[in-house]
Amino acid sequence: MKPVLRCCPVCGQGAYEPSLQKGQLSLVRCLECSMVYCNPVSGQFASGEYYDQAGAGYYLTPAKLEGDYSEARFRRELRLFRKHCHGGAILDVGCSTGGFLYQLGRRFPGSYDVLGLDASGPALDYAASRGIPVARGQFLEEDFGSKQFDAVSFWAVLEHLLDPKAFLEKACAILKPGGLCLVLVPNMESLAARMLGGHYRYIYPQHLNYFTRPTLRRLAGSRFAVIELRTTHFNPIILWQDWRSGGQEVQDSQRAALLQRTTAYKQNPLLKPAHALYWLAERLLSAFDLADNLVCVLRKTGPTRSPQAERERNSGDGLGTGRAAG
1 MKPVLRCCPV CGQGAYEPSL QKGQLSLVRC LECSMVYCNP VSGQFASGEY YDQAGAGYYL
61 TPAKLEGDYS EARFRRELRL FRKHCHGGAI LDVGCSTGGF LYQLGRRFPG SYDVLGLDAS
121 GPALDYAASR GIPVARGQFL EEDFGSKQFD AVSFWAVLEH LLDPKAFLEK ACAILKPGGL
181 CLVLVPNMES LAARMLGGHY RYIYPQHLNY FTRPTLRRLA GSRFAVIELR TTHFNPIILW
241 QDWRSGGQEV QDSQRAALLQ RTTAYKQNPL LKPAHALYWL AERLLSAFDL ADNLVCVLRK
301 TGPTRSPQAE RERNSGDGLG TGRAAG
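Residue numbering for the sequence shown follows my numbering, starting at 1 and increasing by one per position.
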């Protein structure tokens, strides 16, 4: 598949300057809004084909599944979600193997009517095997009919998309008035990204967009009010490993093994003193917007296109989605 050239995914402008070169990966910085993004984009990542084919095996490895379905895996996301949304119809876009929705239903039984959507067929098969209702296919092409949602979540998804703005527009169209959109993406201004630069493992071809607080806020545009925007998560093991390796490529099997290992650390009661130090470090980094990820809660505001209008607008786009590692 041919590489795809693109304009800025946030403001739509075409003027940019080189930002970083990492092997075949070229990152550029928009001269209008300073958004950093991949340009050009490999065809398999632009279409989402990778997540249904080459990347499918990774999501189904025993180590990855054990991490995704552990109680510790979505602890922060669940706390944030419950803080802002106590019930209703929920759509998790890029749900992968369904770990978030599984934990949401297990911890708050009867509170939510959930649906997971992804382009990765094998991952959805697993989610369905765990009793999670799923929809298969491309989000922009999905016909939800007259159904509207109280909340739509994008956990580690927007960084993978050729056109993340179109996904937020579609989310806005299928949300009820005042509905919520919850987003988590890597933080390009994190301590890890600042210290490691191109050596950071999450600067890699699957990530097409590299957000900061201002660019994520701008992406939300006029359709959403920003209710909460902060940084979260910190993995010192990744920082240490990537610094020592000098930016060597990290295989998917290694990512899954690290997720499994860090999950075991979090659940080990003998490491409670270390847990306290870890949470203190994360809070400190978050206070200075240096934690690994940006998390944003958006509330739908004002009039927007109807779901039917959005379907007509987005017909034929076929942009893929997939859940990020870790």
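Yeah, the Cβ is synthetic: ideal placement off N, Cα and C, and Gly gets one too.
If we ignore side chains and look at the alpha-carbon of each, how far apart do GLU32 and CYS11 end up? Reading the sequence shown from its first residue, position 32 is the one you call residue 32. Reading the sequence shown from its first residue, position 11 is the one you call residue 11. Between the alpha carbons of GLU32 and CYS11 lies a distance of about 8 angstroms.
According to the neighbour-count rule (16 or more other Cβ atoms, all chains shown, within 10 Å of its Cβ), is VAL114 buried or exposed? Within the sequence shown, the letter at position 114 stands for residue 114. By the Cβ neighbour-count rule, VAL114 is buried, with 16 or more other Cβ atoms within 10 Å of its own.
Beta-carbon within less than 6 angstroms of ALA256's beta-carbon, same chain only, minus the 5 sequence neighbours each way: which residues are those? Working through the sequence shown from its first residue, we reach residue 256 at position 256. Excluding residues within five positions, the ones whose Cβ falls inside 6 angstroms are THR61, ALA63, LYS64.
When DSSP builds the beta bridges, which residues end up paired with CYS38? Counting from one through the sequence shown, the residue named residue 38 turns up at place 38. In the DSSP output, where bridge partners are listed per residue, CYS38 has LEU27.
DSSP three-state assignment for ARG283, whether helix, strand or coil: Translated into the one-based positions of the sequence shown, residue 283 becomes position 283. In the three-state scheme derived from DSSP, where H, G and I count as helix and E and B as strand, ARG283 is classed as helix.
Rounded to whole angstroms, what is the Cα-Cα separation between ASP242 and TYR126? Counted from its first residue, the sequence shown places residue 242 at position 242. Counted from its first residue, the sequence shown places residue 126 at position 126. The C-alpha of TYR126 is placed about 31 angstroms away from the C-alpha of ASP242.
THR212 vs MET188 beta-carbon contact at 9 angstroms: Translated into positions along the sequence shown, residue 212 becomes position 212. Translated into positions along the sequence shown, residue 188 becomes position 188. In this structure, the beta-carbon distance from THR212 to MET188 falls below 9 angstroms.
Would you be able to state if there are at least three C-beta pairs under 8 angstroms between the stretch 129–138 and the stretch 155–173? Between the stretch 155–173 and the stretch 129–138, the count of Cβ pairs shorter than 8 angstroms is below three; the stretches do not touch.
Can you name, in chain order, every residue of its own chain whose Cβ lies under 7 angstroms from the Cβ of PHE74, other than the five neighbours on each side? Numbered from its first residue, the sequence shown carries residue 74 at position 74. Taking C-beta separations shorter than 7 angstroms and ignoring five residues to either side along the sequence, the partners of PHE74 in its chain run GLY99, PHE100, GLN103, following chain order.
Under a three-way DSSP split, which group does TYR210 fall into? Within the sequence shown, numbered from 1, the residue matching residue 210 stands at position 210. Here TYR210 sits in strand by DSSP.
LYS176 burial status per 10 Å Cβ neighbour count (16 or more: buried): In the sequence shown, residue 176 corresponds to position 176, counting from 1. When all chains shown are included, LYS176 counts as exposed.
Assign PRO186 to buried or exposed, taking buried as 16 or more other Cβ atoms, counted over all protein chains shown, within 10 Å of its Cβ. If you number the sequence shown from 1, residue 186 lands on position 186. With 16 or more other Cβ atoms within 10 Å, it is buried.
With 16 other CB atoms within 10 Å as the buried threshold, where does PRO18 fall? The sequence position of residue 18 within the sequence shown is 18, counting from 1. Label assigned to PRO18: exposed.
Find out if the Cβ-Cβ distance for the pair ALA151, LEU184 is shorter than 9 angstroms. Taking the sequence shown and counting its residues from 1, one reaches residue 151 at position 151. Taking the sequence shown and counting its residues from 1, one reaches residue 184 at position 184. No, Cβ-Cβ distance for ALA151 and LEU184 is not below 9 angstroms.
Using a Cβ-Cβ cutoff of less than 8 angstroms, which residues in the same chain neighbour HIS86 once the five nearest sequence positions on both sides are dropped? Taking the first residue of the sequence shown as 1, we reach residue 86 at position 86. Apart from the 5 residues on each side of it in sequence, HIS86 sits with its Cβ closer than 8 angstroms to the Cβ of SER111 in its chain, given in chain order.
Supposed close pair CYS172, ARG218 - CB separation, criterion 8 angstroms: The residue labelled residue 172 in the question sits at position 172 within the sequence shown. The residue labelled residue 218 in the question sits at position 218 within the sequence shown. Contact flag wrong, Cβ pair sits at about 15 angstroms.
If I measure Cβ to Cβ from LYS2 and keep anything under 8 angstroms in the same chain, skipping five residues before and after, which residues do I get? One-based indexing of the sequence shown puts residue 2 at position 2. Cβ neighbours of LYS2 beyond the five flanking positions: GLY43.
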